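In the working numbering, the protein residues as written are 5 to 325.
For each residue, glycine too, the CB sits at the ideal point set by N, CA and C.
Note that this is a predicted model, so its numbers are computed, not measured.
What follows is a set of notes on a single structure, which appears directly below.
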Ligand SMILES: [Ca+2]
Ligand SMILES: [Ca+2]
Ligand SMILES: [Cu+2]
């Protein structure tokens with residue numbers, strides 16, 4: 005990935021270790037499927053499909069990310085998991101299959117520096133970045149030796165690569181969403197809004213997603229309640245009943261990433277045929293407006309398919325049969 009002048013507060017890739025507005029608008033508004041969605045509605049929701057305006061209507065993204073121009077895109081109905089894949093879910097997969105993740109094979113993964121005790125944890129190599137390559141950091145010990153997911157079974161699994169996510173999907177009989185599906189779903193039936201719930205970050209002072217408050221990357225005042233990951237059912241869901249589409253953890257998508265998003269395929273676009281990385285959406289608990297505002301629904305990012313970090317997970321979708 006070309007990261008020369010991209011603000012990468014909440015993403016990092018393995019290759020980086022070596023150095024330290026339309027004239028006439030159509031009415032796409034639709035009624036949300038659920039008036040007041042609750043967690044008891046099951047583990048997945050029906051995303052009704054239809055046409056929507058994909059991309060950044062505010063021109064506030066990073067130009068290199070390719071969030072514009074806004075284009076009219078149609079997606080077919082599908083099911084999306086209400087929550088990101090949790091540590092509990094991923095444990096069941098590993099138990100059943102004996103799957104070994106890529107971080108385990110590499111022997112290290114990226115951890116945000118504030119979660120690393122440098123006296124106790126060994127680095128794979130020296131680093132002055134806020135992303136530290138930590139030895140033996142992987143999904144069930146996300147911050148390296150001595151860390152554990154025991155108290156975080158209902159949090160999103162992290163330290164999983166795109167390839168790991170694909171293996172999980174295969175086991176679960178599901179798949180990763182395309183970028184178009186992810187964005188359609190994240191918008192929750194709203195049209196041209198900034199976040200899954202509207203345009204205001206904290207409507208009536210209420211936090212609706214897990215990002216960074218304070219001064220990135222030094223001081224997080226945690227006014228949303230979380231310094232790292234939050235349980236997958238934290239905050240109110242969007243109009244489709246989906247939790248934490250914005251913030252908490254980045255979510256892998258199936259597409260290859262290309263900043264020049266193909267405008268010609270307006271029905272169920274699956275992204276380009278090749279690319280250096282795979283797309284990811286939604287931002288993470290490290291996003292802050294001062295540095296990386298990618299917790300907006302239109303925001304895009306990518307990583308090589310073998311990269312993992314402590315703020316990157318995924319959520320599954322399934323076709324309607
Ligand atoms: Ca937070
Ligand atoms: Ca998310
Ligand atoms: Cu970010």
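#### Entry: Complete runs of the alpha helix (DSSP H) confined to the segment 160-244 [at least 4 residues]
Entirely contained in the segment 160-244, the alpha helix (DSSP H) runs reaching 4 residues are, in chain order, 166-176, 183-191.
### Query
If we call anything under 8 Å between Cβ atoms a contact, is residue 278 one with residue 260?
Taking the chain shown and counting its residues from 1, one reaches residue 278 at position 274. Taking the chain shown and counting its residues from 1, one reaches residue 260 at position 256. For the pair residue 278 and residue 260, the CB atoms are nearer than the 8 Å cut-off.
### Task
Quick one: give me the first and last residue of the alpha helix (DSSP H) that residue 92 is part of.
Within the chain shown, residue 92 is the residue found at index 88, counting from 1. Residue 92: member of the alpha helix (DSSP H) spanning 91-101, first to last residue.
### Query
For residue 114, which three-state DSSP category applies?
Numbered from 1 along the chain shown, position 110 holds the residue referred to as residue 114. Collapsing the DSSP output to three states places residue 114 in a strand.
### Task
Check whether the Cβ of residue 173 sits closer than 7 Å to any heavy atom of ligand 3, and report yes or no.
Locating residue 173 in the chain shown gives position 169, counting from the first residue. Outside the cutoff, so no.
### Query
From which residue to which residue does the beta strand (DSSP E) around residue 257 run?
Translated into the one-based positions of the chain shown, residue 257 becomes position 253. Boundaries of the beta strand (DSSP E) harbouring residue 257: 254-260, taken from the DSSP string.
### Query
Taking DSSP as the reference, what is the three-state secondary structure of residue 293?
Taking the chain shown and counting its residues from 1, the one referred to as residue 293 is at position 289. The answer is coil: DSSP assigns residue 293 none of H, G, I, E or B.
### Message
What does the alpha-carbon distance come out to for the pair residue 316 and residue 15?
### Response
In the chain shown, counting from the first residue as 1, residue 316 sits at position 312. In the chain shown, counting from the first residue as 1, residue 15 sits at position 11. Their Cα atoms are separated by approximately 8 Å.
### Query
Near residue 327, which residues of its chain fall below 8 Å by C-beta distance, leaving aside the five closest residues on each side in sequence?
As displayed, the chain neither begins before 5 nor continues past 325, which places residue 327 out of reach and without an answer.
### Query
Which whole-angstrom value is the C-beta distance of residue 286 and residue 255, which I expect to be below 8 Å?
Counted from its first residue, the chain shown places residue 286 at position 282. Counted from its first residue, the chain shown places residue 255 at position 251. Beta-carbon to beta-carbon, residue 286 and residue 255 are separated by about 5 Å, close enough to satisfy the 8 Å threshold.
### Query
Is any heavy atom of ligand 1 found at a distance shorter than 7 Å from the C-beta of residue 216?
On the chain shown, position 212 is the one that residue 216 refers to. Residue 216: yes, Cβ under 7 Å from ligand 1.
### Query
Taking Cβ positions, are residue 244 and residue 192 nearer each other than 8 Å?
The residue given as residue 244 occupies position 240 in the chain shown. The residue given as residue 192 occupies position 188 in the chain shown. In contact: residue 244 and residue 192 (Cβ atoms closer than 8 Å).
#### Entry: As assigned by DSSP and simplified to three states, the class of residue 31
What you label residue 31 is simply residue 27 of the chain shown in a count that begins at 1. Looking at residue 31 - three-state DSSP - the assignment turns out to be coil, as it is neither helix nor strand.
### Task
Check the DSSP bridge columns for residue 3 and list the partner residues they point to.
Absent from the model: residue 3. The displayed extent of the chain is 5 to 325, so no value can be given.
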